[in-house]
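Peer 1:
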Amino acid sequence: MTSATPNAPRLLVVRNDKLGDFMLAWPALATLKAASPQPHVSVLVPGYTAAMANACPWIDEVIIDPGDSASRKAQCQLLGMIRERHFDALLTLFSTRRIGWLGWRAGIRLRLAPATKWAQVFYNQRITQRRSHSAKPEYRYNQELAEAMIGRLGLKPATVAPPYWPEAAAGRPEQRQRLAAQLPLSTDRLWCFLHPGSGGSAVNLSLDAYAHLVEGVDRHMLEIGQPSPHWIITAGPGEEQHADSLVDTLVNQGSSAFRQPPQPGLEGFARSLAAADAFIAGSTGPLHVAGCLNLLTIGFYPARRSATPLRWQTCNSEDRRLAFHPPQGAGETDMTTIDLETAAASIAERLSMVETSSQSDCSGEAS
Numbered sequence: 000m001t002s003a004t005p006n007a008p009r010l011l012v013v014r015n016d017k018l019g020d021f022m023l024a025w026p027a028l029a030t031l032k033a034a035s036p037q038p039h040v041s042v043l044v045p046g047y048t049a050a051m052a053n054a055c056p057w058i059d060e061v062i063i064d065p066g067d068s069a070s071r072k073a074q075c076q077l078l079g080m081i082r083e084r085h086f087d088a089l090l091t092l093f094s095t096r097r098i099g100w101l102g103w104r105a106g107i108r109l110r111l112a113p114a115t116k117w118a119q120v121f122y123n124q125r126i127t128q129r130r131s132h133s134a135k136p137e138y139r140y141n142q143e144l145a146e147a148m149i150g151r152l153g154l155k156p157a158t159v160a161p162p163y164w165p166e167a168a169a170g171r172p173e174q175r176q177r178l179a180a181q182l183p184l185s186t187d188r189l190w191c192f193l194h195p196g197s198g199g200s201a202v203n204l205s206l207d208a209y210a211h212l213v214e215g216v217d218r219h220m221l222e223i224g225q226p227s228p229h230w231i232i233t234a235g236p237g238e239e240q241h242a243d244s245l246v247d248t249l250v251n252q253g254s255s256a257f258r259q260p261p262q263p264g265l266e267g268f269a270r271s272l273a274a275a276d277a278f279i280a281g282s283t284g285p286l287h288v289a290g291c292l293n294l295l296t297i298g299f300y301p302a303r304r305s306a307t308p309l310r311w312q313t314c315n316s317e318d319r320r321l322a323f324h325p326p327q328g329a330g331e332t333d334m335t336t337i338d339l340e341t342a343a344a345s346i347a348e349r350l351s352m353v354e355t356s357s358q359s360d361c362s363g364e365a366s
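So in numbering that gives the first Met the number 0, spot 41 of the sequence shown is number 40, and the numbers just go up one at a time.
(1) From Arg108, Pro326, Glu166, pick the residue whose C-alpha is nearest to that of proline 301; which is it?
(2) Hey, could you find the ends of the alpha helix (DSSP H) glutamine 262 is sitting in?
(3) Looking at phenylalanine 86 and isoleucine 63, is the spacing between their C-beta atoms short of 8 Å?
(4) Would you please state the rounded distance, in angstroms, between the beta carbons of leucine 350 and proline 228? I believe it to be under 8 Å.
(5) Where does methionine 334 land, buried or exposed, given buried means 16+ other C-beta within 10 angstroms?
(6) Would you give the residue range spanned by the alpha helix (DSSP H) that tryptophan 30 belongs to?
(7) So for serine 254, helix, strand or coil by DSSP?
(8) Can you give the Cα-Cα distance for asparagine 15 and serine 133, rounded to whole angstroms?
(9) Within 8 Å of any Cβ in chain D, is that where the Cβ of serine 271 sits?
(10) Alpha carbon to alpha carbon, what distance is there between isoleucine 58 and leucine 23?
(11) With the cut-off set at 8 Å, would you say proline 161 and cysteine 55 are in Cβ contact?
(12) I think arginine 175 touches serine 356, with their Cβ atoms under 8 Å apart; what is that distance to the nearest whole Å?
(13) DSSP three-state call for aspartate 360: helix, strand or coil?
(14) Thinking C-alpha only, which one of Leu245, Glu238, Arg129 is nearest serine 255?
(15) Please classify leucine 406: does DSSP put it in a helix, a strand, or coil?
(16) Can you tell me which of the three DSSP states arginine 9 falls into?
(17) Considering just the uninterrupted stretch of the alpha helix (DSSP H) at serine 345, what are its terminal residues?
(18) If we ignore side chains and look at the alpha-carbon of each, how far apart do glutamate 354 and aspartate 187 end up?
(19) When the Cα atoms are used, what is the spatial distance from tryptophan 100 to proline 8?
(20) So is the beta-carbon of threonine 307 under 7 Å away from any non-hydrogen atom of the ligand COA?
(21) Less than 8 Å between the CB atoms is what I'm expecting for proline 285 and leucine 294, so what's the real figure, rounded?
(22) On the criterion of 16 or more Cβ atoms from any shown chain inside 10 Å, does methionine 51 qualify as buried, or is it exposed?
(23) Report the three-state DSSP secondary structure of isoleucine 81 (helix, strand or coil).
(24) Give me, in chain order, the residues of the same chain whose beta-carbon lies closer than 8 Å to that of glutamate 379; leave out the 5 immediate sequence neighbours on both sides.
(25) Can you name the start and end residues of the beta strand (DSSP E) that leucine 294 belongs to?
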């Protein structure tokens, strides 16, 4: 966490939903903290993402949201906590009736949110975005709200750029050393992390499809005269058996595959991803953590309008993103229609541009 400029505006930012949504708020939080004078930024998040909020360099204070189903007593305690902090402004990145009413009852003078849903009646500053059109990345919609808040407060804006988790990205050498001590990995091969889970919400490839993809990437890498990668399979809570099954399949087909060793909690898991040369997943929270680390991300997305590769684009540099989705005319969530052979060839071509740690003084940092 950072510290704010004395007597600077006190802001409360709300993004109290899933991990991926919260990670896509980090560019907006960085935008707010880059303004001058630098504001004090508090966030309201659920307990699930609190560890990541505490690790975020753009946040001064974390307040836990008990959620919609919490008791009246818990809701009143939250209201009292918000009131006693005397916030100058409330920025809600995703508006709900409960949060809008909370800000209004807390007496926060400036309340800004997207001009969507009837919850906007609780806000006195509204920005029209039409996010359902998916015309921009989600993180850019969030940044636009932050930029609007900076303007309303009369602060001076500044430009921000990836990585949006610079401290964790800088810990890459340490994370690679730790992983190399746990698994028999060589530094002359790329380390590709693959997350086959969905977190219960994202549409993802099947295990068979991922096995086919890995076989194709291995084959194309060898065809262009480069060693096939080491594949490190990651898993979220409750997804361990799923990941183990994929490892067994990959090993049986001749790939160099391993399960990622257990990590100490969500923050530990997130930091461990810095060891990767590339991160492959559906549009899940871990993919967006990898984006904040400015890793090479390879995402598999459905084709529905509200979940396009553009809308849920990772917030890393443009040259560090690959995305695949069902072709036009296919079922919007029919991931079986993605041409995995073409995807494997594209991934192998992009991986061939990444230097291994044995070729670079940058501990394998992606080029």
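All residues carry an ideal CB built from backbone N, CA and C; glycine is no exception.
Peer 2: According to the structure data:
(1) As a working mapping, residue 301 is identified with position 302 in the sequence shown. That would be Pro326, whose Cα lies nearest to the Cα of proline 301.
(2) Reading the sequence shown from its first residue, position 263 is the one you call residue 262. Looking at the DSSP string, glutamine 262 is not in any alpha helix (DSSP H), and its letter there is neither H nor E.
(3) By 1-based counting over the sequence shown, the position of residue 63 is 64. By 1-based counting over the sequence shown, the position of residue 86 is 87. Their beta carbons are not under 8 Å apart, which means isoleucine 63 does not touch phenylalanine 86 by this criterion.
(4) Taking the first residue of the sequence shown as 1, we reach residue 350 at position 351. Taking the first residue of the sequence shown as 1, we reach residue 228 at position 229. Proline 228 and leucine 350 do touch by the CB rule: their CB atoms are close to 7 Å apart, below 8 Å.
(5) By 1-based counting over the sequence shown, the position of residue 334 is 335. Buried, since its Cβ has 16 or more Cβ neighbours within 10 Å.
(6) Counted from its first residue, the sequence shown places residue 30 at position 31. The residue you asked about is not tryptophan; residue 30 is threonine in the sequence shown. Note, threonine 30: alpha helix (DSSP H), 25-33.
(7) To locate residue 254, count along the sequence shown from 1; it is residue 255. Note: serine 254 maps to coil in three-state DSSP.
(8) Residue numbering aside, residue 15 sits at position 16 when the sequence shown is read from its first letter. Residue numbering aside, residue 133 sits at position 134 when the sequence shown is read from its first letter. Roughly 21 Å separates the two Cα atoms.
(9) The chain inventory of the structure shown lacks chain D, comprising one protein chain alone.
(10) Taking the first residue of the sequence shown as position 1, residue 23 is located at position 24. Taking the first residue of the sequence shown as position 1, residue 58 is located at position 59. When rounded, the distance between both Cα atoms is 14 Å.
(11) On the sequence shown, position 162 is the one that residue 161 refers to. On the sequence shown, position 56 is the one that residue 55 refers to. No, these two residues do not count as a Cβ contact at 8 Å.
(12) Numbered from its first residue, the sequence shown carries residue 175 at position 176. Numbered from its first residue, the sequence shown carries residue 356 at position 357. At roughly 7 Å, the Cβ-Cβ gap stays under 8 Å, so arginine 175 and serine 356 are in contact.
(13) Numbered from 1 along the sequence shown, position 361 holds the residue referred to as residue 360. Legend: pLDDT at aspartate 360 = 41, less than 50; position of this residue unreliable, value from coordinates given subsequently. Correct three-state label for aspartate 360: coil.
(14) Reading the sequence shown from its first residue, position 256 is the one you call residue 255. For the residues Leu245, Glu238, Arg129, the minimum Cα distance to serine 255 belongs to Leu245.
(15) In this structure the chain extends from 0 to 366, so residue 406 is not present and cannot be described.
(16) Your numbering for residue 9 matches position 10 in the sequence shown. It is a strand residue.
(17) Position 346 of the sequence shown, counting from 1, holds the residue named residue 345. Per DSSP, serine 345 belongs to the alpha helix (DSSP H) from 339-350.
(18) Within the sequence shown, residue 354 is the residue found at index 355, counting from 1. Within the sequence shown, residue 187 is the residue found at index 188, counting from 1. Roughly 9 Å between the two C-alpha positions.
(19) Stepping through the sequence shown from its first residue, residue 100 is reached at position 101. Stepping through the sequence shown from its first residue, residue 8 is reached at position 9. Answer to the nearest angstrom: the Cα atoms are 21 Å apart.
(20) Among the components of this structure there are no ligands whatsoever, and the ligand COA is therefore not found.
(21) In the sequence shown, counting from the first residue as 1, residue 285 sits at position 286. In the sequence shown, counting from the first residue as 1, residue 294 sits at position 295. Actually they are not in contact, since the Cβ atoms of proline 285 and leucine 294 sit about 11 Å apart, beyond 8 Å.
(22) Within the sequence shown, the letter at position 52 stands for residue 51. With 16 or more other Cβ atoms within 10 Å, it is buried.
(23) Start at 1 with the first residue of the sequence shown, and residue 81 comes out as number 82. DSSP places isoleucine 81 in helix when its eight states are reduced to three.
(24) This structure cannot settle anything about residue 379, because the visible part of the chain is limited to 0 through 366.
(25) Taking the first residue of the sequence shown as 1, we reach residue 294 at position 295. Run containing leucine 294: none; DSSP gives neither H nor E here.
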